[in-house]
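In the working numbering, the protein residues as written are 22 to 386. Beta carbons: idealized from backbone N, C-alpha and C, even for Gly. Quick caveat: nothing in here was measured; it's all calculated off a predicted structure. So the structure is just underneath, and the comments pick up after that.
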Ligand SMILES: Cc1ncc(COP(=O)(O)O)c(C=O)c1O
């Protein structure tokens with residue numbers, strides 16, 4: 022049996038008629054940039070997340086950079102974040118000229134909120150918690166620290182769409198937050214896309230201007246901005262897919278419970294549901310003994326798996342300018358040697374999950 026990690030081709034077949042009708046609705050209007058479809062999508066996200074403002078952008082990376090930029094974070098400032106994330110979390114901080122400061126993670130792969138306070142200096146301007154794999158960080162504690170030191174919280178909610186912490190949606194705890202709608206996210210565009218949400222009107226207005234060259238109108242450029250607009254076709258597709266998001270997340274959660282039923286070894290630790298939240302499981306990251314050997318074995322069985330990620334952010338070549346060394350963030354380093362993602366998408370069948378699980382059990386026998 023062949024079991025793929027993700028299945029975007031199946032998704033297309035499943036949604037073909039609806040996607041083609043999105044395409045038809047948008048293209049027949051003859052206008053593809055900053056149209057009503059984008060406004061509608063932004064309104065839909067506001068309603069879904071219970072946020073005041075949303076702006077559709079080119080990518081989650083742009084969303085992070087613009088969130089930082091809108092708060093005036095720049096050279097000389099420090100931003101605290103997690104070493105277990107996609108490179109965009111740290112890259113966005115570097116790109117606005119600020120210095121990322123890493124704080125080690127807990128075994129749930131999220132930043133260890135109990136270590137944040139000791140990383141705060143006079144230069145700290147923000148904390149950027151990353152809700153890794155759709156599990157929301159301990160926001161009570163993070164907000165308490167941010168309030169105590171009067172620093173901002175920018176949530177990297179790139180993986181947080183559809184996740185809740187104490188019944189509040191991801192991205193609605195901090196001053197502003199960034200989401201990705203990359204094709205591999207639960208709410209995904211057909212290409213790159215992202216968005217920010219905030220309740221702060223000032224930040225909303227400045228990003229709105231900045232995402233379209235700082236132009237108030239064709240003959241009035243107020244500031245020099247960039248081009249980071251969500252296109253109308255993706256906005257329409259995302260609005261349609263938002264109506265299916267809950268169903269997709271429920272299927273993904275069901276996958277995890279089936280893996281829990283069939284995997285019998287204690288050499289694999291499957292993700293645990295957050296006690297205070299609802300995890301959207303955009304990725305299913307397990308911690309595995311002898312990870313690399315297991316991955317090769319699964320490959321011989323026709324099973325795809327992927328390591329998200331084998332190198333923590335502070336140990337990349339690009340991070341050498343930040344002055345970290347091996348051993349500085351012990352838990353992140355230990356966990357990155359164990360993380361492995363098994364096939365996990367909404368079209369997986371129970372017999373496929375059983376086959377993957379049996380193969381995992383067989384490897385450890
Ligand atoms: C945690 C995290 N932050 C930021 C990003 C960047 O988002 P994008 O790929 O849409 O630029 C991603 C995307 O994978 C992510 O997972």
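Chain-order list of residues whose beta-carbon lies under 7 Å from that of residue i (same chain, five-residue window excluded)
i	result
residue 121	100, 102, 111, 114, 115, 343
residue 309	288, 289, 315, 359, 361
residue 261	39, 43
residue 377	24, 324, 363, 364
residue 257	43, 46, 47, 58
residue 142	99
residue 353	104, 105, 125, 126, 333
residue 29	204
residue 291	277, 280, 281, 284, 307
Residue i to residue j span [Cα, whole Å]
i	j	result
residue 96	residue 189	33 Å
residue 351	residue 48	52 Å
residue 204	residue 31	13 Å
residue 225	residue 337	33 Å
residue 321	residue 139	46 Å
residue 284	residue 234	52 Å
residue 93	residue 118	11 Å
residue 169	residue 163	10 Å
residue 296	residue 129	12 Å
residue 330	residue 357	6 Å
residue 132	residue 158	7 Å
residue 36	residue 27	16 Å
residue 72	residue 161	18 Å
residue 293	residue 65	30 Å
residue 281	residue 307	11 Å
residue 230	residue 218	15 Å
residue 238	residue 192	30 Å
residue 21	residue 67	Given a span of 22 to 386 for the chain in the structure shown, any question on residue 21 remains unanswerable.
residue 108	residue 286	32 Å
residue 91	residue 196	11 Å
residue 326	residue 123	28 Å
residue 148	residue 89	11 Å
residue 370	residue 328	22 Å
residue 227	residue 135	33 Å
residue 53	residue 240	21 Å
residue 55	residue 355	45 Å
Residue of the options minimising C-alpha distance to residue i
i	options	result
residue 22	386, 379, 385	379
residue 302	154, 234, 370	154
residue 86	330, 247, 322, 373	247
residue 165	186, 137, 187, 191	137
residue 374	305, 311, 357, 195	305
residue 211	159, 41, 326, 175	41
residue 186	299, 66, 134	299
residue 214	327, 228, 259	259
residue 171	192, 144, 156	144
residue 317	282, 381, 173	381
residue 209	266, 243, 217, 228	266
residue 384	370, 319, 89	319
residue 81	216, 227, 230	216
residue 70	291, 194, 53, 369	194
Buried/exposed call for residue i, threshold 16 Cβ in 10 Å
i	result
residue 245	exposed
residue 222	exposed
residue 146	buried
residue 33	exposed
residue 367	buried
residue 339	exposed
residue 3	The first residue shown for the chain is 22 and the last is 386, placing residue 3 beyond what the model contains.
residue 348	exposed
residue 232	buried
residue 264	exposed
residue 63	buried
residue 271	exposed
residue 51	exposed
residue 83	buried
residue 174	buried
residue 386	exposed
residue 156	buried
residue 341	exposed
residue 311	exposed
Cβ-based neighbour list, residue i, same chain, cut-off 8 Å, excluding 5 preceding and 5 following
i	result
residue 106	151, 153, 177, 334
Neighbourhood of residue i by C-beta distance below 6 Å, restricted to the same chain and skipping five residues each side
i	result
residue 269	207, 367
residue 345	335
residue 236	242
is_contact[residue i, chain B] using C-beta, thresh 8 Å
i	result
residue 244	Reference to chain B is not applicable here, since this structure consists of a single protein chain.
Check whether the segment 175 to 186 touches the segment 194 to 206, taking contact to mean three or more Cβ pairs, one atom from each stretch, closer than 8 Å.
yes
Is the segment 47 to 60 touching the segment 237 to 252, taking contact as three or more C-beta pairs under 8 Å?
yes
Do the segment 272 to 289 and the segment 75 to 82 meet, that is, are 3 or more Cβ pairs less than 8 Å apart?
With the cut-off at 8 Å, the segment 272 to 289 and the segment 75 to 82 do not touch.
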